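One line per chain: the protein sequences are H and C, in this order. The letter at position 262 of the first sequence is residue 262 when you use the working numbering, and the numbering goes up by one with no holes. The letter at position 283 of the second sequence is residue 283 when you use the working numbering, and the numbering goes up by one with no holes. Backbone N, C-alpha and C fix where the C-beta goes; we use that ideal spot for every residue, glycine too. Just so it is clear, the structure is predicted and the values come from calculations on it, not from any experiment.
Protein chains: 2
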Amino acid sequence: MTNTYQPPQIWQWQPGNGGAFANINRPVSGATHEKDLPQGKHPLQLYSLATPNGAKVTIMLEELLALGHAGAEYDAWLINIGEGDQFSSGFVDINPNSKIPALLDLSSDHPLRVFESGAILLHLAEKFGEFLPSGAARTETLNWLFWQMGSAPSVGGGFGHFYNYAPEKFEYPINRFSMETKRLLDVLDKQLANNTYVAGETYSIADIAIWPWMGNLVLGRLYNAAEFLQVQEYQHVMRWAHLLDERPAVQRGRMVNRSWGELHEQLHERHDADDFQHKTQDKLETSS
Amino acid sequence: MTNTYQPPQIWQWQPGNGGAFANINRPVSGATHEKDLPQGKHPLQLYSLATPNGAKVTIMLEELLALGHAGAEYDAWLINIGEGDQFSSGFVDINPNSKIPALLDLSSDHPLRVFESGAILLHLAEKFGEFLPSGAARTETLNWLFWQMGSAPSVGGGFGHFYNYAPEKFEYPINRFSMETKRLLDVLDKQLANNTYVAGETYSIADIAIWPWMGNLVLGRLYNAAEFLQVQEYQHVMRWAHLLDERPAVQRGRMVNRSWGELHEQLHERHDADDFQHKTQDKLETSS
């Protein structure tokens with residue numbers, strides 16, 4: 001196969017040529033329609049979806065609530081990115097980048113917008129004084145938090161897109177991003193060979209940021225790629241992935257804003273701690 | 001052109017098939033050779049290269065020194081990534097991810113490793129109490145710092161790689177990452193239409209993180225892509241790019257660990273404030 005493509009002098013947009021999600025990718029930003037976001041009764045209003053980046057924040061909030069922080073009570077509203085909810089004027093006001101998750105913090109005098117999953121984790125960790133140790137351990141935790149932010153695009157927008165979502169299987173990008181994803185798994189594996197959690201012996205926002213991507217990847221829940229990437233090679237990542245997967249707050253966090261998969265794992269919106277119980281009740285009734 | 005590629009069941013590494021930098025990309029992490037890093041006399045030891053991620057930190061350090069923070073004195077050592085310096089045992093000890101920049105902070109009782117450019121900016125901002133405002137402005141600054149960390153891979157590892165470094169011009173990835181790069185430029189342009197600096201009226205680590213990528217891109221210094229991406233469309237980004245480009249600390253920061261381009265812009269290592277003067281002297285002598 002000979003590749004004869006030469007880019008033009010000036011790039012031109014060709015709408016609809018991008019595989020799955022092509023309809024929501026554009027070369028411009030900003031709102032496409034006027035619509036306010038709904039608002040509930042809790043101090044924290046979350047607008048999200050249960051993708052790995054969304055799950056980071058719902059896991060964090062469930063962990064905070066499990067520790068008894070009533071101030072972490074939240075309303076989680078479903079943003080259907082396939083329908084373009086992220087381009088409403090209300091959403092763009094909170095996150096001009098039109099990506100989930102986006103958080104509105106109503107607990108102080110003025111509403112505070114927080115966007116980018118890493119910024120939201122750091123905001124909540126500092127607000128409640130949890131999951132971010134002090135001193136040298138804080139520095140190490142932030143090293144890994146930023147490592148996650150800088151590397152996830154190679155896993156999601158890189159490997160996940162080209163292995164799973166692109167309109168055709170392109171060999172070169174699949175090889176490029178498979179190599180990088182395996183390298184990143186190996187970096188994490190070596191770190192977890194010597195540490196219970198990512199940044200040391202303390203469970204932190206580094207774990208909460210990394211697990212929805214790398215944990216789900218080695219558990220075979222992302223991109224159907226466990227065999228392709230030979231994830232069983234990363235035995236320390238696997239040990240840690242199971243450790244977190246057993247946490248009740250992680251299990252609850254994974255359900256929130258989930259609108260696909262098994263019905264009993266879906267909780268489209270979350271407004272109250274009881275919402276999970278009702279789901280469990282649903283599950284029992286369905287299976288009986 | 002019909003694409004008939006189908007991925008194998010299990011991905012296999014094909015070394016050397018990755019265009020420029022193929023020799024330094026691997027699916028595994030860790031050291032390839034035993035070698036200690038050099039260490040100078042200053043409290044901060046930086047191991048880096050003048051790529052956009054490297055420039056973030058040298059600009060930050062020069063800005064701190066310009067404000068009179070003697071504690072920000074630093075030795076900047078050149079890490080030649082083409083030669084694999086980032087795979088030495090010494091470098092991997094500081095950054096197990098083998099990417100520049102990496103910082104060793106010797107100012108407290110125990111040496112502190114800081115890796116990922118965003119984590120280094122945050123560490124320095126908090127250490128010296130500069131370029132990170134408090135209250136709501138802090139949240140907004142961190143929003144944009146994390147936005148930069150999450151979006152740069154689409155600009156560098158995405159657009160830059162496929163437009164500039166890949167062994168062939170692949171149409172689909174070039175279109176995908178050009179679209180995303182233009183979208184990100186548009187997000188930034190709208191933000192800078194209403195704000196002098198990225199996070200408001202205060203110059204901050206958000207500017208210092210974003211400028212080496214987006215500023216250099218619209219100034220035509222990255223990937224020779226100014227016409228292709230029609231960067232003149234982003235007039236607010238352009239205004240801000242020039243504003244920062246005029247700052248002496250930015251000009252000094254751009255030179256540090258630079259081993260390519262115009263000779264008078266190169267300062268391979270930086271150990272003293274006088275090093276820039278000597279460069280200027282060199283320049284005068286060369287041009288006279």
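{"Asked": "Which two residues bound the contiguous beta strand (DSSP E) that contains Y74 of chain C?", "Found": "Y74 to L78"}
{"Asked": "Does DSSP put F131 of chain H in a helix, a strand or coil?", "Found": "coil"}
{"Asked": "DSSP state of G253 of chain H, grouped into three classes?", "Found": "helix"}
{"Asked": "Identify, in the order they occur along the chain, each residue of the same chain with its Cβ nearer than 6 Å to the Cβ of I100 of chain C, setting aside the five sequence neighbours on each side.", "Found": "S48, L49, G54 and I79"}
{"Asked": "Determine the extent of the alpha helix (DSSP H) in which R113 of chain C is found, giving its start and end residues.", "Found": "Segment L112 to F115 is the beta strand (DSSP E) holding R113 of chain C; no alpha helix (DSSP H) there."}
{"Asked": "Give, in chain order, every residue of the region 187-212 of chain C whose Cβ lies closer than 7 Å to some Cβ of chain H.", "Found": "V187, K190 and Q191"}
{"Asked": "Can you find the residues in the same chain that come closer than 6 Å, C-beta to C-beta, to Y74 of chain H, ignoring five residues on each side of it along the sequence?", "Found": "H42, L44, L46 and L61"}
{"Asked": "Considering Cα atoms alone, identify which of C:P8, C:R239, C:Q230 and C:E201 is closest to W211 of chain C.", "Found": "C:R239"}
{"Asked": "Going by alpha carbons, who is nearest to T58 of chain H out of H:D272, H:R252 and H:Q266?", "Found": "H:R252"}
{"Asked": "In chain C, which residues lie less than 8 Å from M60 of chain H when you measure between Cβ atoms?", "Found": "Near M60 of chain H there are no residues of chain C at all, since even the closest Cβ is about 14 Å away, more than 8 Å."}
{"Asked": "Please state whether the Cβ-Cβ distance between G19 of chain C and P153 of chain H is less than 8 Å.", "Found": "no"}
{"Asked": "Let me check understanding here. Comparing Cα to Cα, which of C:E262, C:D275 and C:A249 lies closest to L67 of chain C?", "Found": "C:A249"}
{"Asked": "Can you give me the C-alpha to C-alpha distance between L184 of chain C and Y234 of chain C, rounded to a whole angstrom?", "Found": "11 Å"}
{"Asked": "Where does W11 of chain H land, buried or exposed, given buried means 16+ other C-beta within 10 angstroms?", "Found": "buried"}
{"Asked": "Report buried or exposed for Q14 of chain H, applying the criterion of at least 16 other Cβ atoms within 10 angstroms of its Cβ.", "Found": "exposed"}
{"Asked": "Check Y163 of chain H in the structure and name its three-state DSSP category.", "Found": "helix"}
{"Asked": "According to the neighbour-count rule (16 or more other Cβ atoms, all chains shown, within 10 Å of its Cβ), is Q232 of chain C buried or exposed?", "Found": "exposed"}
{"Asked": "Starting from the beta carbon of E116 of chain H, find every residue of chain C whose beta carbon is closer than 7 Å, and list them in chain order.", "Found": "N143, F146, W147 and G150"}
{"Asked": "For R270 of chain C, collect the residues of the same chain with a Cβ closer than 6 Å to its Cβ; drop the 5 residues on either side in sequence, then sort them by chain order.", "Found": "A76 and V256"}
{"Asked": "May I ask you to list the residues that DSSP assigns as paired with D105 of chain C?", "Found": "C:L44 and C:L112"}
{"Asked": "In the DSSP output, which residue or residues are listed as bridge partners for H33 of chain H?", "Found": "H:S88"}
{"Asked": "Cβ closer than 9 Å: which chain C residues qualify as neighbours of Y74 of chain H?", "Found": "Residues of chain C passing the Cβ test: none, with the nearest at roughly 17 Å."}
{"Asked": "According to a CB-to-CB cut-off of less than 9 Å, which residues of the region 162-175 of chain C neighbour chain H?", "Found": "F162, Y163, A166, P167, E168, K169, F170, E171, Y172, P173, I174 and N175"}
{"Asked": "Helix or strand or just coil, what does DSSP make of P7 of chain C?", "Found": "coil"}
{"Asked": "For H236 of chain C, decide whether its Cβ has a neighbour in chain H, counting only Cβ atoms nearer than 8 Å.", "Found": "no"}
{"Asked": "Beta-carbon within less than 7 Å of F21 of chain C's beta-carbon, same chain only, minus the 5 sequence neighbours each way: which residues are those?", "Found": "Y165"}
{"Asked": "Mind checking who L267 of chain C pairs with in its DSSP beta bridge?", "Found": "C:V256"}
{"Asked": "Going along the chain, which residues of its own chain have a beta-carbon closer than 6 Å to the beta-carbon of A72 of chain C, five neighbours each way excluded?", "Found": "L61, L64 and L65"}
{"Asked": "If the cut is a Cβ gap below 7 Å, which residues of chain H does I10 of chain C touch?", "Found": "E227, F228 and Q230"}
{"Asked": "Report all residues from its chain with a CB closer than 7 Å to the CB of G30 of chain C; omit the five preceding and five following residues, and keep chain order.", "Found": "V92"}
{"Asked": "For P52 of chain C, which residues in chain H fall below 7 Å Cβ to Cβ?", "Found": "Those within 7 Å of P52 of chain C in chain H number zero; the least Cβ separation is about 12 Å."}
{"Asked": "Quick one: what's got a C-beta closer than 6 Å to A125 of chain C's C-beta in the same chain, skipping five residues either side?", "Found": "F131, L132 and I205"}
{"Asked": "Residues of chain C with a CB under 7 Å from the CB of T139 of chain H: which are they?", "Found": "L112, V114 and H123"}
{"Asked": "Going by the beta-carbon positions, is the gap between E140 of chain H and A199 of chain H smaller than 8 Å?", "Found": "yes"}
{"Asked": "Using a Cβ-Cβ cutoff of less than 8 Å, which residues in the same chain neighbour L192 of chain C once the five nearest sequence positions on both sides are dropped?", "Found": "V198, H236, V237, R239 and W240"}
{"Asked": "Bridge partners of Y197 of chain H, per DSSP?", "Found": "H:G200"}
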